[in-house]
Structures are given as C-alpha cells and as structure tokens.
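Under this note's numbering, residues 121 to 320 are what the sequence shown spells out, in order.
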Amino acid sequence: MPRANLTRPVVLSAAAELADRDGFDAISISELARHFGVKPASLYSHVRDRGAVIEGVHEIALDELADRVAAAIGGRSATDALIGFGEAHRRYAEQRPGCWTALQRPASPGTMASAAAQRMGAQLVAVIRGYELPEPEIVHAARLVGATINGFLTLERVGSFGNRDEDTEASWARALSALDVALSAWATHTVRPTEMEERA
121 MPRANLTRPV VLSAAAELAD RDGFDAISIS ELARHFGVKP ASLYSHVRDR
171 GAVIEGVHEI ALDELADRVA AAIGGRSATD ALIGFGEAHR RYAEQRPGCW
221 TALQRPASPG TMASAAAQRM GAQLVAVIRG YELPEPEIVH AARLVGATIN
271 GFLTLERVGS FGNRDEDTEA SWARALSALD VALSAWATHT VRPTEMEERA
C-alpha cells in the first residue's frame, strides 16, 4: 500500500486483521510496517507506539461488538435479551478471535472513556434491567454476567473443553440458563457479604 494512503484508521484496521490472522500478540509496529511496505518510522506519524495500536484495536473491537449486541438485543428483554447478548459475544469470539482477545485485556483509561466502551456498558445494564433488579445490585449482576460469558468463551477458545465427550453447545446453553435463573431470582435470594461471613 502506498505510504500516501496511510491514516490512523487504516493502520488500526490492519492491526485488527493481523490480530485475527496471527494472534493478538503478533501486533507490532515492525509487522505493520512490513504489511504496508514502509519503514517502521513511517507509522509513528499515525500511531504513538505499540500501546496506542493495542488501544486502537481494543476500541475497534468494542465498537464492532456493540453493533452486534445492539442487533441481537433490540426489541428483546430479560431471557431473550440475555441469550442475544451472549450469542453476540460468542459469534464475535469465533469470527474475530484477535479482536475478541483484545477485549479480554485491561482497558486503558482512554479506552474506558470511549463512546464504544460506554455503549457496551449501557447495553449490559439494559439487559440486566430487564430482570427488574434493584439499582444497587446491577453492578454486581453485570460482573457475574461478564465473568460467566467471558470465562466460558476464554476456556472454549483455548480448547479447554476439547478433552470431554459432552457437547459444548449444551454446556453453553446451560451457562446462559443458569445466568437467567440467577438474575430472575436475584432480588429475593441475594446473599449479603455479612451473611457470607456469618456462614464461614
């Protein structure tokens, strides 16, 4: 690609494709320079350093996933919205593995403040509000949903379920069902930290 065509979005898009093809850790300034047929120094006019590239890929992933989630949960609530939310994440992990890996890394303050991150957070909150949880409980429920979905998909992506005969699809369906049950019963069955200490 001629150097004149290089822009920050073009560089970041190439980095996202590199991550999907060769793995997230393959992202480097030198590899991107090789892709464009330029010297590494040429890229520093568009991205500060590798960290800036990683941050950009993270934001691309957030934006893409937010679009998919919006389509999956639109017009749905409670169980249907939860399933749509989970399935959107799973399909994204399958189709954009490098970008999905970026989402599992700690986000920079700039990424956390981005419009894409705010949109993703609002979507998860919207799903949980469909279960009519008390407002102070939403953050805890959001952490549970995020940990369950991302934990399952992380194990699936690294092949941790491959040594068992049981169907992974069935396990995934049960994971979403368990979340649905937990969220449905949350308001009446929440165990407080003080109760946990008393039971210990």
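Even glycine gets a Cβ: it sits at the ideal position worked out from N, Cα and C.
Does the distance between the C-beta of residue i and the nearest non-hydrogen atom of the ligand HEM fall short of 8 Å?
| i | result |
| --- | --- |
| residue 138 | Only the bare structure without any ligand can be found here, which leaves the ligand HEM out of the picture. |
With 16 as the cutoff for other CB atoms within 10 Å, does residue i come out buried or exposed?
| i | result |
| --- | --- |
| residue 185 | buried |
| residue 122 | Model confidence at residue 122 stands at a pLDDT of 46, short of 50, so the residue's coordinates are unreliable; what they give is reported in the following sentence. Exposed. |
| residue 161 | exposed |
| residue 75 | The structure shown does not extend to residue 75, since the chain is modelled only from 121 through 320, so no value can be given for it. |
| residue 212 | buried |
| residue 251 | buried |
| residue 208 | buried |
| residue 247 | buried |
| residue 301 | exposed |
| residue 201 | buried |
| residue 305 | exposed |
| residue 233 | exposed |
Can you check whether the CB of residue j is closer than 9 Å to the CB of residue i?
| i | j | result |
| --- | --- | --- |
| residue 245 | residue 222 | no |
| residue 229 | residue 307 | no |
| residue 289 | residue 237 | no |
| residue 136 | residue 181 | yes |
| residue 281 | residue 291 | yes |
Give the C-beta separation of residue i and residue j to the nearest angstrom, bearing in mind that I take them to be a contact with Cβ-Cβ under 8 Å.
| i | j | result |
| --- | --- | --- |
| residue 268 | residue 295 | 6 Å |
| residue 205 | residue 192 | 6 Å |
| residue 128 | residue 149 | That pair is no contact at about 13 Å. |
| residue 243 | residue 173 | Rounded, the Cβ-Cβ distance is 26 Å, inconsistent with contact. |
How long is the line joining the alpha carbons of residue i and residue j, rounded to whole angstroms?
| i | j | result |
| --- | --- | --- |
| residue 215 | residue 131 | 20 Å |
| residue 146 | residue 239 | 28 Å |
| residue 272 | residue 283 | 15 Å |
| residue 152 | residue 134 | 7 Å |
| residue 167 | residue 249 | 39 Å |
| residue 141 | residue 217 | 8 Å |
| residue 277 | residue 241 | 23 Å |
| residue 343 | residue 176 | As displayed, the chain neither begins before 121 nor continues past 320, which places residue 343 out of reach and without an answer. |
| residue 197 | residue 203 | 10 Å |
| residue 285 | residue 164 | 49 Å |
| residue 265 | residue 299 | 7 Å |
| residue 210 | residue 157 | 34 Å |
| residue 220 | residue 126 | 25 Å |
| residue 144 | residue 287 | 28 Å |
| residue 159 | residue 199 | 51 Å |
| residue 183 | residue 138 | 18 Å |
| residue 227 | residue 258 | 21 Å |
| residue 224 | residue 195 | 28 Å |
* Output the residue ranges of the alpha helix (DSSP H) runs that lie fully inside the segment 183-218 and measure 4 residues or longer, sorted by chain position. => Fully enclosed alpha helix (DSSP H) runs of 4 or longer: 198-215.
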